[in-house]
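Since the structure comes first, as C-alpha cells, the remarks are kept for the end.
Chains as they are written, first to last, in our numbering: chain V, 60 to 341; chain U, 22 to 337.
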C-alpha cells in the first residue's frame with residue numbers, strides 16, 4: 060500500500076514480528092516436549108534436574124512400544140483408523156447429499172426440515188450423551204465399533220455447511236448437465252461434486268480431526284479394550300498409576316502423527332473453507 | 022427400449038418430492054434415530070426411578086429434578102462451569118483476536134505463523150493433557166514449570182493436587198487456550214480479510230491515527246458478526262468441557278472408577294459419573310442432562326439478546 064514507511068511504522072513491524080516469533084516458540088514448545096519425552100529414558104523424564112535435550116536419544120522406544128503386550132497400541136490405532144475413515148466418509152456423503160437436497164431441490168416443506176436440523180445444531184452434542192448411550196446400549200452396541208461410528212454419521216453441522224456452500228454453487232454448470240439429460244443424481248455426482256473438491260476436502264478434514272480426536276463418546280461406548288480408540292488407550296494409561304512414561308509419550312507421538320500429516324496437507328482447504336462460507340458470515 | 026420410459030419417469034424433474042427425500046432422507050432418518058429419539062427417551066427416563074435399567078417402572082414425577090437442583094455436587098459443577106467460562110471465554114476472545122491482528126499485518130512468514138498457531142487444533146485433548154500433566158506441570162520434583170520456578174529461586178508447586186491456592190485452574194485454562202486459540206484466530210483472520218480497504222483509506226484521510234484509533238472505530242466494529250459467532254461458540258464449547266478435566270484430574274483407569282477429586286467437576290464430568298459410573302443412574306443422569314440443556318439454551322438466548330445476534334444488518 061504505502062511505499063514510504065515512517066520510522067515508527069518500521070519499529071512497529073519489527074515488534075510485531077518479535078511478538079509473533081515468541082508466540083510461535085511458545086506454541087511449538089508442547090510439541091517439542093512430546094517428542095523429547097518420547098525419545099528419552101524414564102529416568103530422564105522424571106529427573107529433578109530438567110534438561111532441554113535428553114542425555115541420549117532412545118530410538119529403541121519405538122520398538123518397545125509396539126512390542127509391549129500390556130499396551131494394545133496397534134489394535135487401538137487400527138480401530139481409530141477404521142472408525143475415522145468410515146465415519147468421515149459416511150458423514151460427508153450423507154451430509155453433502157442432504158445439504159444439496161436442501162439447497163437445490165424445491166420441496167414445499169424444505170424449510171420445516173431445515174428448521175429441525177438447525178434446531179438440533181443448537182443442542183450441544185455432549186449434552187445428549189446420556190440419552191444416546193441409553194439408545195445405543197439397547198441396540199446392544201456397547202463395546203462395538205458400530206456403536207462409535209453410526210451415531211457419528213449424522214452431523215447437523217456438516218449438512219448446514221454443505222447447504223450454505225451449495226446455495227452459492229454456479230447454477231449454469233448444473234443447467235448444462237441437465238441439458239445433457241442428467242437427473243438430480245447425475246448432476247450431483249458428475250458435475251457438483253467434482254467441482255467442489257476443495258470444499259469437500261475442507262469439511263472432510265475437519266470431520267476427520269474431530270473423529271480421530273473424539274474422546275467422550277468412545278469413552279462411554281468402548282468399555283472393552285478390543286474396541287478402544289487410540290485416545291481411550293492413551294487416557295487409560297494416563298489416568299492409571301503405573302506406566303512407562305516414555306512408552307506413553309511415544310504412543311502419543313504415533314497418535315498425532317496421522318493427524319499432523321492430514322492437517323498439514325489439507326490445511327489450506329480448511330482456511331479457504333472458513334473464508335468462503337464458514338461460521339462467520341452468510 | 023422398455024427401460025427408457027421408466028428411467029425417464031424416475032429421473033425426471035417432475036418427481037422433485039421423491040428426489041428431495043432420496044437426498045435428505047438418509048440424514049433425517051439418522052437424526053431421528055440417534056438424536057431425537059434419545060432426547061425424548063431421556064426426558065421420559067428423567068421422570069422415573071431408573072438405576073441400571075432403561076425400562077423403568079417406578080414413576081417419580083419431578084423428584085429427580087428436585088434431587089438434582091438440591092444436590093450440592095451438581096450445583097457446584099455448574100459453579101465450576103461459571104468459573105471456567107469466566108476465564109476461558111474472555112482470554113480466548115482477546116488472545117485469538119490479538120493473534121489474528123498480528124498475523125494479518127505480518128510482512129514476513131505470514132503463512133508460517135498462521136500454520137504454527139493453527140497446528141494445535143489438530144492435537145487431541147488427551148495428548149495435550151498428557152503433556153501438561155506429565156511434562157510441564159508435573160509433580161513437585163520434576164517438570165518444566167517447577168524447573169523454571171526453581172531457577173528463579175522459588176518453591177515448587179504441586180499444580181494439580183492443591184486447591185489452596187487453586188493452581189489447577191492455570192493448568193486447565195492454559196491447556197485449552199493452546200488447543201483452541203488457533204481455531205478462533207482463523208475465524209478472525211477470515212473476518213479481517215473481508216473488511217474493505219476503502220474504509221481504512223477513508224479513515225486515514227479523516228486523520229485517524231493508525232493503531233488504537235483505527236482498531237477502535239474501523240476494525241473492531243467491522244468484526245461484529247465474527248465476534249458474536251466466536252463468543253457464542255466459546256460459551257457453548259466451554260459448557261461441554263470434559264476431556265481436559267477428566268484427563269488431568271481423574272486417577273483410576275478409564276471406566277467406572279471414581280478417582281476424581283471433588284473439586285473442578287464441570288457438569289459433563291458430573292453427569293458422566295452419575296449416569297455411567299458404578300450407579301448407572303439414568304433417571305438422575307437424564308434429569309441432569311435436561312437441566313443442562315435448558316441452562317445452555319437459556320445462556321445462548323441471553324447472550325444472543327445481549328449481543329443482538331440475528332439482527333437484520335448481520336445478514337449482509
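Glycine included, C-beta positions come from ideal geometry on N, C-alpha and C. It should be emphasised that the depicted structure is a prediction, and the values quoted were computed from it without experimental measurement.
- One Cα belongs to residue 179 of chain V, the other to residue 242 of chain U, and the distance between them is close to 31 Å.
- Every alpha helix (DSSP H) of 4 residues or more that sits fully in the stretch 229-305 of chain V is shown, in chain order, as 230-238, 243-246, 256-272, 275-280, 289-298.
- At a beta-carbon threshold of 8 Å, the residues of chain U lying near residue 318 of chain V are 143, 144, 145, ordered along the chain.
- Counting along the chain, the unbroken alpha helix (DSSP H) around residue 188 of chain V starts and ends at 188-197.
- By the Cβ test, the stretch 71-85 of chain U is in contact with the stretch 296-305 of chain U, since at least three Cβ pairs between them sit closer than 8 Å.
- With its beta carbon less than 8 Å from one in chain V, residue 296 of chain U belongs to the interface.
- Nearest Cα to residue 319 of chain U within the set U:256, U:296, U:285: U:256.
- Contact annotation for residue 152 of chain U against chain V: 89, 92, 93 [CB-CB distance below 7 Å, chain order].
- According to the DSSP assignment, residue 167 of chain V belongs to no alpha helix (DSSP H), since it is labelled neither H nor E.
- Around the beta-carbon of residue 95 of chain V, 16 or more other beta-carbon atoms lie within 10 Å, marking it buried.
- Taking 8 Å as the cut-off, the beta carbon of residue 333 of chain V is found no closer than this to the beta carbon of residue 262 of chain V.
- Relative to the Cα of residue 125 of chain U, the nearest Cα in the group U:67, U:239, U:207 belongs to U:207.
- Counting C-beta atoms within 10 angstroms of its own C-beta, residue 221 of chain V has 16 or more neighbours from the protein chains shown and is therefore classed as buried.
- Pairing residue 326 of chain V with residue 210 of chain U, the inter-Cα distance amounts to about 14 Å.
- Beta-bridge partners assigned by DSSP to residue 70 of chain U: U:79.
- For residue 326 of chain V, the residues of chain U that pass the 8 Å Cβ criterion are 136, 139, in the order they occur in the chain.
- Boundaries for residue 177 of chain U: no alpha helix (DSSP H) harbours it, and the DSSP string shows neither H nor E there.
- Between residue 129 of chain U and residue 193 of chain U, the C-beta spacing is not below 8 Å.
- For residue 119 of chain V, the secondary structure class from DSSP, reduced to helix, strand or coil, is helix.
- Burial check for residue 270 of chain U: the Cβ neighbour count within 10 Å reaches 16 or more, so the residue is buried.
- One alpha carbon belongs to residue 147 of chain V, the other to residue 143 of chain U, and they sit about 15 Å apart.
- Residue 315 of chain U sits exposed, since fewer than 16 C-beta atoms from the chains shown fall within 10 Å of its C-beta.
- Counting of Cβ neighbours within 10 angstroms places residue 289 of chain U among the buried residues, the total reaching 16 or more.
- Collapsing the DSSP output to three states places residue 103 of chain V in a helix.
- Between residue 137 of chain U and residue 293 of chain V, the C-beta spacing is not below 8 Å.
- Buried is the label assigned to residue 286 of chain U, since at least 16 other Cβ atoms lie within 10 Å of its Cβ.
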